[in-house]
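Residue numbers (our numbering): 2 to 175.
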């Protein structure tokens, strides 16, 4: 797996277990923001549990899965994943998170666009799927900016901060 150049300032580089310390520091310093929308944040408490988090992603066994560190101006700022690719349905699910200090710079919007073109060109993907909790307005906005349509809801998907939230599914035609 090689890196993907998204723009002059944004690169996706393969995520590895050896990145655990850097990824833990990102998660820990953005914990309050990330834990509002991502169930796994509370289970990542040190470098050892960060290794497990990374291992579970890079070794998921799902078809087409690929996980990356998001680099902005040569700094690690988050993680971007191609969670799976369904070749028959020409569909890929993606996911991402970004440190709170870097939100609002278009990093994720540009990364989604770049990955969309990469998957269309290299894997013949015709649809991206983005899943996010109902209160995650930033991720919903990313999906909509990418051309996504709300295509489904999983009711009562997860409890975050004591509140049950639905999971919204957005489909982005490529």
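C-beta: ideal position from N, C-alpha, C; glycine also.
Rounded straight-line distance, which links the Cα of residue j to that of residue i
| i | j | result |
| --- | --- | --- |
| residue 93 | residue 70 | 19 Å |
| residue 4 | residue 68 | 10 Å |
| residue 54 | residue 140 | 21 Å |
| residue 10 | residue 108 | 9 Å |
| residue 153 | residue 127 | 18 Å |
| residue 99 | residue 120 | 21 Å |
| residue 157 | residue 84 | 22 Å |
| residue 151 | residue 173 | 9 Å |
| residue 104 | residue 40 | 19 Å |
Cβ-Cβ distance between residue i and residue j below 7 Å
| i | j | result |
| --- | --- | --- |
| residue 23 | residue 77 | yes |
| residue 17 | residue 52 | no |
| residue 38 | residue 159 | no |
| residue 82 | residue 62 | no |
| residue 42 | residue 36 | yes |
| residue 132 | residue 170 | yes |
| residue 86 | residue 64 | yes |
| residue 7 | residue 115 | yes |
| residue 101 | residue 34 | yes |
| residue 166 | residue 134 | yes |
| residue 175 | residue 155 | no |
| residue 91 | residue 125 | yes |
Buried or exposed by the 16-neighbour rule on C-beta atoms within 10 Å, applied to residue i
| i | result |
| --- | --- |
| residue 74 | exposed |
| residue 88 | exposed |
| residue 31 | buried |
| residue 149 | buried |
| residue 117 | buried |
Sequence-distant residues of the same chain with beta carbon closer than 6 Å to residue i, five excluded per side
| i | result |
| --- | --- |
| residue 144 | 131, 171 |
| residue 12 | 4, 6, 72 |
| residue 110 | 143, 146 |
| residue 28 | 45 |
| residue 25 | 48, 51 |
Beta-carbon contacts of residue i that lie in its chain and below 7 Å, excluding the five residues immediately before and after
| i | result |
| --- | --- |
| residue 14 | 4, 69, 70, 72 |
Same chain, Cβ closer than 8 Å to residue i, five either side skipped, listed in chain order
| i | result |
| --- | --- |
| residue 2 | 15, 67 |
> Going along the chain, which unbroken runs of the beta strand (DSSP E) with 3 or more residues stay wholly within the region 83-170?
Replying inline: 92-99, 128-134, 150-161
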